[in-house]
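Here is the structure we will look at, set down as structure tokens.
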Amino acid sequence: MKRVIAVSLLALALAACKKEATPPAPAAGTPAPGTLPAPVATDDGPVELKEVVETTPDYVIGISYATQAAKYPGLARELRRYADAARSELLEAAKGRTAKENPSPYELSLTFDDVLDAPQMMAVSADGSSYTGGAHAAPLIARFVWLPQQNKLLTAAELVPQKSGWDAISRYVREQLHSALSQRIDADDLAPAVRAEQIETGGRMIDDGTASDPANFAMFEPVKAADGKLAALKFVFAPYEVGPYSDGTQTVEVPAAVLLPHVAPAYRSLFSGG
């Protein structure tokens, strides 16, 4: 998977071979005092989304906000919370770093981009990586879908409230991922026994990662139709969720026609045909 380099000034510092690490959880707890940028404003005030560039012998951090989310303080606060948690976890790990065990500095690279900016919905992607030792960097991937009129994040569980809906979405997503898996493996021209083993292992990861639980579909992006409404949702799966690290981030677009029978009535008007 290509790692996202959040700040161009860090390109040389981040070019070294990366090793495995455990990614920070979004919005994890209250970070330790003294390890974060300036405090986020109160719920009623503006939130500054300011580029972060930090370089020391122990760590390199680059956080970039290529987004217009600051116009919605509640959304901006969620982005800052995610970035602050990732930064806090990296700084905590860096306290225990030794040059002998880890000659390369620990590194955090994270960028926020706008996926959709419309009056009824704004969506922002967070992509990057965190390296705190190991075989390679851990991916940092999150998606934020904001409803300006309700002043809140839209969650998968709220969008599709019934398990029967997730059963249908799960079936559709699994079909697409299994098909993509077969195509990737066929392209490698493997021996039959090796192919069968990879199909079985990969298929098991897909089935585990797409069980009909909204938590497995928490990351999604709106796909805009020509009429300005939503033609589909693109569900995003980080490495390890439905495949090995080498497969990178995987996505599946689920069309509105599949989603609409299961979408909560309050949100059907967001979709074409709803």
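Sequential numbering from 1 applies to the sequence shown in the UniProt record's numbering. Beta carbons are placed, not taken as given, at the ideal position from N, Cα and C, and that holds for glycine. Quantities reported herein were computed from a predicted structural model and do not represent experimental measurements.
8 Å contact criterion, which residue i and residue j should meet: CB distance rounded
| i | j | result |
| --- | --- | --- |
| Phe237 | Phe220 | The Cβ separation is near 10 Å, so there is no contact. |
| Tyr131 | Tyr106 | 6 Å |
| Leu49 | Leu79 | 6 Å |
| His178 | Tyr245 | Going by Cβ atoms, the distance from His178 to Tyr245 rounds to 19 Å, so no, they are not a contact pair. |
| Val173 | Val263 | Incorrect: roughly 16 Å between the Cβ atoms, too far for contact. |
| Ala85 | Ala76 | About 15 Å; that fails the 8 Å criterion. |
| Ala266 | Ala218 | Between Ala218 and Ala266 the Cβ distance is about 19 Å, and since that is not below 8 Å, they are no contact. |
| Met122 | Tyr72 | 6 Å |
| Lys163 | Ser88 | Actually they do not touch by this definition, with Cβ atoms about 35 Å apart. |
N- and C-terminal bounds of the beta strand (DSSP E) containing residue i
| i | result |
| --- | --- |
| Lys71 | Unbroken run through Lys71: none, as it is neither H nor E. |
| Asp114 | 106 to 118 |
| Val263 | Where Val263 is concerned, there is no enclosing beta strand (DSSP E), given that its DSSP letter is neither H nor E. |
| Glu54 | 52 to 55 |
| Lys224 | 220 to 224 |
| Thr251 | 250 to 255 |
Residue i to residue j span [Cα, whole Å]
| i | j | result |
| --- | --- | --- |
| Ala32 | Asn151 | Residue placement at Ala32 is flagged as unreliable, the pLDDT there being 36, under the threshold of 50; a coordinate-derived value is accordingly withheld. |
| Ala66 | Gly209 | 30 Å |
| Ala226 | Ile169 | 23 Å |
| Ser182 | Ile199 | 7 Å |
| Asp247 | Asp189 | 17 Å |
| residue 345 | Thr201 | Coverage of the chain is limited to positions 1 through 274, which leaves residue 345 absent and any answer about it impossible. |
| Pro222 | Leu116 | 7 Å |
| Ser269 | Ile61 | 41 Å |
| Leu154 | Phe144 | 8 Å |
| Gly274 | Gly134 | 48 Å |
| Pro161 | Ser104 | 46 Å |
| Glu175 | Asn102 | 42 Å |
| residue 275 | Arg171 | Residue 275 is absent from the model: the chain starts at 1 and stops at 274. |
| Ala93 | Pro239 | 22 Å |
| Gly45 | Asp186 | 54 Å |
| Val4 | Val124 | For Val4, the predicted model reports a pLDDT of 36, less than 50, meaning its position is unreliable; a value from the coordinates is still stated below. Each residue's alpha carbon lies about 15 Å from the other. |
| Gln250 | Lys100 | 36 Å |
| Phe271 | Pro192 | 44 Å |
| Ile141 | Gly243 | 15 Å |
| Leu147 | Tyr59 | 36 Å |
| Ala126 | Ser64 | 10 Å |
| Glu158 | Ala215 | 11 Å |
| Gln68 | Asp113 | 9 Å |
| Thr55 | Gly165 | 47 Å |
| Lys229 | Asp167 | 24 Å |
| Leu110 | Ala196 | 37 Å |
| Thr98 | Gly128 | 24 Å |
| Val53 | Glu241 | 30 Å |
| Asp207 | Ala118 | 34 Å |
| Ala13 | Val47 | A caution first: Ala13 carries a pLDDT of 36, below 50, which makes its placement in the model too unreliable to give a value. |
| Lys95 | Glu51 | 23 Å |
Coil, strand or helix - residue i by DSSP
| i | result |
| --- | --- |
| Thr98 | coil |
| Glu241 | coil |
| Glu48 | coil |
| Met205 | helix |
| Ala123 | strand |
| Ser64 | strand |
| Pro192 | helix |
| Ala231 | strand |
| Pro103 | coil |
| Ser129 | strand |
| Ile5 | Summary for Ile5: the model assigns pLDDT 35, below 50, so the residue's position carries little reliability; its value from the coordinates is reported in the next sentence. Residue state, collapsed to three classes: coil. |
Start-to-end residues for the alpha helix (DSSP H) that takes in residue i
| i | result |
| --- | --- |
| Leu159 | 156 to 159 |
For this session: Tell me the start and end of each unbroken beta strand (DSSP E) in the stretch 131 to 189 that is at least 3 residues and wholly inside, in chain order.
Result: 138 to 147
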